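These protein sequence lines map, in sequence, to chains L and A.
At position 295 of the first sequence (counting the first as 1) the number is 316 in this note's numbering, and the numbers step up by one without a gap.
At position 48 of the second sequence (counting the first as 1) the number is 55 in this note's numbering, and the numbers step up by one without a gap.
A virtual CB, placed ideally from N, CA and C, is assigned to each residue, including glycine.
The model shown is predicted, which means the values in this text are computed figures rather than measured ones.
Below is one structure; the comments refer to it alone.
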Amino acid sequence: MNSPFKSLSLAMAKGFFREKTTLFFTFVFPLMFLVVFGLLFSDSGTDRIKLGSVGDGPVVAALRETGAVEVERYDTLDAGLAEVRDGDLPGLVEVTGDRVVLHFAASDQARAGTVRGLVQGVTQELNVAASGQPPKFAFAATQVEDSSLKAIQYLTPGILSWGIAISAVFGAALPLVSWRRKQVLRKLRLAPVSTTTVLGSRLLVTITVAIVQAVLFVAVASLPVFGLALSGTWWLSIPVFLLGILAFFSIGMLVGAFCKTEEAASGAANILVLPMSFLSGSFFPIENAPGWLQAVSNILPLRHMNDGMTDFLVRGKGFEALLVPCAVLLGFTLVVSFIASKVFTWEDN
Amino acid sequence: MAAIVVEDIRKSYGDLTAVDGVSFTVAEGEFFGILGPNGAGKTTTLEIVEGLRRPDGGSVRLLGENPFPRNVKLLPRVGVQLQASAFFEKLSAREQLETFAALYGVGPARAREVLDLVGLADKAETREDRLSGGQRQRLSIACALVHDPDVVFLDEPTAALDPQARRNLWDVLRAIQARGKTIVYTTHYLDEAEVLCDRVAIMDSGRVLALDTPAALVRGLDAPVRVVLERGALAAATAAGLPGADEVTEDDQSLTISTRTPAPLLSALAERGTLDGLQVRTATLEDVFLHQTGREYRA
Ligand SMILES: Nc1ncnc2c1ncn2[C@@H]1O[C@H](COP(=O)(O)OP(=O)(O)OP(=O)(O)O)[C@@H](O)[C@H]1O
Ligand SMILES: [Mg+2]
Chain L
22 MNSPFKSLSL
32 AMAKGFFREK
42 TTLFFTFVFP
52 LMFLVVFGLL
62 FSDSGTDRIK
72 LGSVGDGPVV
82 AALRETGAVE
92 VERYDTLDAG
102 LAEVRDGDLP
112 GLVEVTGDRV
122 VLHFAASDQA
132 RAGTVRGLVQ
142 GVTQELNVAA
152 SGQPPKFAFA
162 ATQVEDSSLK
172 AIQYLTPGIL
182 SWGIAISAVF
192 GAALPLVSWR
202 RKQVLRKLRL
212 APVSTTTVLG
222 SRLLVTITVA
232 IVQAVLFVAV
242 ASLPVFGLAL
252 SGTWWLSIPV
262 FLLGILAFFS
272 IGMLVGAFCK
282 TEEAASGAAN
292 ILVLPMSFLS
302 GSFFPIENAP
312 GWLQAVSNIL
322 PLRHMNDGMT
332 DFLVRGKGFE
342 ALLVPCAVLL
352 GFTLVVSFIA
362 SKVFTWEDN
Chain A
8 MAAIVVEDIR
18 KSYGDLTAVD
28 GVSFTVAEGE
38 FFGILGPNGA
48 GKTTTLEIVE
58 GLRRPDGGSV
68 RLLGENPFPR
78 NVKLLPRVGV
88 QLQASAFFEK
98 LSAREQLETF
108 AALYGVGPAR
118 AREVLDLVGL
128 ADKAETREDR
138 LSGGQRQRLS
148 IACALVHDPD
158 VVFLDEPTAA
168 LDPQARRNLW
178 DVLRAIQARG
188 KTIVYTTHYL
198 DEAEVLCDRV
208 AIMDSGRVLA
218 LDTPAALVRG
228 LDAPVRVVLE
238 RGALAAATAA
248 GLPGADEVTE
258 DDQSLTISTR
268 TPAPLLSALA
278 ERGTLDGLQV
288 RTATLEDVFL
298 HQTGREYRA
């Protein structure tokens, strides 16, 4: 069993895995983005408001118990006030016996308001409890599942999609160009193998590489430091993943068909994929961008790959969410590979 | 039966006419050489016959078929070594051959065999980019032979080979020919073409200037025999008086006598006892080549 398909795939896989630079840019480089962004944004979601305190008592203890603020003790009022004045503390609670005074900075209205509400609420609650009367109005808080995600939850599908996109584009474009330049394409043309066999084996290698990338990515993102939690429908991301590879593989073929040198091809691939990754929300959510940018974003394949991967990897959406990303990616693949096949030439001239 | 029939093929790159009306026929089992200075159009001619390029005009039949566009029926029967060697990246010599073998549905055992054939068994596990120039060249030849094709095209296969490898390759090629295969090759080594080829075509500026067996071409040149003596063995004036001597020239090293009747001249020299260091030079294919293509140097 040594079919042309099998040995071509093997030859290409060896060529790929023996090239250290490519390995770095395929596996390590996107992971570096994940680690850097993951650590950078890991605090932002869980960042608790600080509150200074001078003196102690039931109010300070109750504030600590709420868990909503991080209470920091100061020995003297002046030391605490200095922090408030510098803008490092939104508020300072001064407790002398039963008297509770909140000093706050007016510069940060939002935080000052939060702190003020909190301290007031806690104090009133203690007052009610001290009176021995049952409270007239009952109050309870329940959390609602919202659509905004913890940083790692959108970073992982985003950066993973970008990493796969870039390696699929490069994986299709660079071999095509270098084979044309080094005449390997001519040797293939002289051998009784079909274009389907050649492209198919290249695609197989690209998919294998992408699977390794995905496993590595999810494994690293699931480390406790980052804390990725996969949703129950993560496996629905597989069709999006495969169609995404196809879409970017066909873009790579188009690049490889146009470009005559490796330098030109990697330049073109970067120019296509890098801006696309920003516009598609690979690194930052795109929801806050102006409307026209979002419109642009919606015609990009990476946007739909991103959305699809996020929907299933972390949002836990169902089958019905497959339709849009899969249709867009498939359409993209068909159109782009058709153009690539028209532009393609075997020879440099 | 003819393995290759080429009729009046033409090919231009922009204003440059690389092949300008070339015709020849190669019989099955023939060893055919294409000779010519750099830029004569040899590679372009081969590429058209192999089906890699479409001729602007004229026709090609390769094993009775049209090779262009890509003719899948022909491919398994044709082996091509390109002038610039083409390999997969990062693969060892053995892996390269096994991959090419598999493309033709040939197993790895044959890959080993061909590696042995070109004397690269020791380098089987060496990566292609770490082979020497001549070793790469031999690997490239091996890749063209791996599927045992009926027609083999070799574009300067012996360029960059050392004398041992060159002679070894001659044996390999002769053995292939002995099995009834057809070989078409180009070379700049005219001595080699003279011993290997059944017939040669001498090309220049995209045209065939002469086409025949090497012996017939040399005979057709009708060149005098040159007898070369060490300088000082004989005075130039004496030499000119010898029977059969047509012309005498002298340089720092030697004295050369041209003759059309070497027998009386040589016996006269033998009588005088001046045979030490004597060389007799008859015309070679190289003389035919220079006569046909001129001596001036060009790009
Ligand atoms: N791809 C090309 N594009 C443009 N011109 C070309 C191309 N290939 C060859 N030529 C030109 O065509 C002419 C014939 O080239 P060709 O390669 O056939 O020569 P050759 O006889 O094989 O020479 P050499 O002995 O140097 O290999 C040359 O003048 C060359 O510059
Ligand atoms: Mg040439």
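Ligand 1 heavy atom lying under 7 Å from the CB of residue i
{"i": "Ala47/A", "result": "yes"}
{"i": "Gly43/A", "result": "yes"}
{"i": "Thr217/L", "result": "no"}
{"i": "Leu23/A", "result": "yes"}
{"i": "Gln90/A", "result": "yes"}
{"i": "Tyr20/A", "result": "yes"}
Distance between residue j and residue i (C-alpha atoms, nearest Å)
{"i": "Ala268/L", "j": "Phe353/L", "result": "6 Å"}
{"i": "Val317/L", "j": "Gly302/L", "result": "12 Å"}
{"i": "Gln141/L", "j": "Ile228/L", "result": "59 Å"}
{"i": "Arg68/A", "j": "Val225/A", "result": "30 Å"}
{"i": "Leu176/A", "j": "Leu124/A", "result": "9 Å"}
{"i": "Thr87/L", "j": "Arg137/L", "result": "14 Å"}
{"i": "Phe340/L", "j": "Leu251/L", "result": "16 Å"}
{"i": "Gly66/L", "j": "Val57/L", "result": "Any answer about Gly66/L is weak, because its pLDDT of 47 lies below 50 and its placement is not dependable; what the coordinates show is given next. Distance between the alpha carbons of Gly66/L and Val57/L is about 16 Å."}
{"i": "Val56/A", "j": "Phe95/A", "result": "25 Å"}
{"i": "Asp119/L", "j": "Gln154/L", "result": "19 Å"}
{"i": "Glu293/A", "j": "Asp198/A", "result": "7 Å"}
{"i": "Ala240/L", "j": "Tyr192/A", "result": "57 Å"}
7 Å Cβ shell around residue i - same chain, five flanking residues per side excluded
{"i": "Asp332/L", "result": "Lys338, Ala342"}
{"i": "Thr133/A", "result": "Ser99, Ala100"}
{"i": "Val121/A", "result": "Leu104, Ala149, Leu152, Val153"}
{"i": "Ala25/A", "result": "Lys18, Ser19, Gly48, Thr51, Gly213"}
{"i": "Ala128/A", "result": "Leu122"}
{"i": "Leu98/L", "result": "Val75, Glu115"}
{"i": "Gly248/L", "result": "Ile173"}
Check: residue i C-beta below 7 Å from any heavy atom of ligand 2
{"i": "Thr193/A", "result": "yes"}
{"i": "Thr50/A", "result": "yes"}
{"i": "Asp358/A", "result": "With chain A running from 8 to 306 in the structure shown, residue 358/A is simply not present."}
Counterpart residues of residue i in DSSP-defined beta bridges
{"i": "Asp211/A", "result": "Arg214/A"}
{"i": "Gly112/L", "result": "Phe125/L"}
{"i": "Asp219/A", "result": "Val207/A"}
{"i": "Lys18/A", "result": "Val26/A"}
{"i": "Arg94/L", "result": "Ser74/L"}
{"i": "Phe38/A", "result": "Ile190/A"}
{"i": "Ala72/A", "result": "Per the sequence shown, residue 72/A should be read as Glu rather than Ala. Glu72/A is bridged to Leu69/A."}
{"i": "Asp162/A", "result": "Thr193/A"}
{"i": "Ile11/A", "result": "Val33/A, Leu69/A"}
{"i": "Arg120/L", "result": "Thr117/L"}
{"i": "Gln286/A", "result": "Val235/A"}
{"i": "Ser271/L", "result": "BP columns for Ser271/L are empty, so no partner."}
{"i": "Ser261/A", "result": "Glu237/A"}
Beta strand (DSSP E) segment containing residue i, residue limits
{"i": "Val26/A", "result": "23 to 34"}
{"i": "Phe107/A", "result": "Taken as a continuous stretch (DSSP letters only), Phe107/A belongs to no beta strand (DSSP E), being part of the alpha helix (DSSP H) at 100 to 110."}
{"i": "Arg134/A", "result": "Counting along the chain, Arg134/A falls outside any beta strand (DSSP E), and DSSP gives it neither H nor E."}
{"i": "Lys71/L", "result": "70 to 75"}
{"i": "Glu237/A", "result": "232 to 237"}
{"i": "Tyr192/A", "result": "189 to 193"}
{"i": "Val3/A", "result": "Only positions 8 to 306 of chain A appear in the structure, and residue 3/A is not among them; the question remains open."}
Terminal residues of the alpha helix (DSSP H) in which residue i lies
{"i": "Gln315/L", "result": "312 to 319"}
{"i": "Gln142/A", "result": "140 to 152"}
{"i": "Phe299/L", "result": "283 to 300"}
{"i": "Thr268/A", "result": "Note, Thr268/A: premise wrong, no alpha helix (DSSP H); not H, not E."}
Spatial neighbours of residue i in its chain, beta-carbon cut-off 6 Å, leaving aside the 5 residues before and after
{"i": "Ala194/L", "result": "Gly273, Val276, Gly277, Ala286, Ala290"}
{"i": "Thr220/A", "result": "Arg206"}
{"i": "Arg233/A", "result": "Thr263, Ser265, Arg288"}
{"i": "Pro174/L", "result": "What sits at residue 174/L in the sequence shown is Gln, not Pro. Excluding positions up to five away in sequence, the list reads Val335."}
{"i": "Val345/L", "result": "none"}
{"i": "Asp15/A", "result": "Gly28, Ser30, Gly65"}
{"i": "Asp109/L", "result": "none"}
Residues near residue i in its chain [Cβ-Cβ closer than 8 Å; skip 5 each side]
{"i": "Pro76/A", "result": "Gly58, Arg61"}
{"i": "Asp169/A", "result": "Gly141"}
{"i": "Leu84/L", "result": "Leu72, Ser74, Val90, Val92, Val114, Leu139, Val140, Val143"}
{"i": "Asp96/L", "result": "Val75"}
{"i": "Glu283/L", "result": "Leu195, Val198, Ser199, Arg202"}
{"i": "Leu147/L", "result": "Pro79, Val80, Ala83"}
{"i": "Arg210/L", "result": "Trp367"}
Closer than 7 Å: residue i CB and nearest ligand 3 heavy atom
{"i": "Ala290/L", "result": "Ligand 3 is not part of the structure shown, which contains ligand 1 and ligand 2 as its ligands."}
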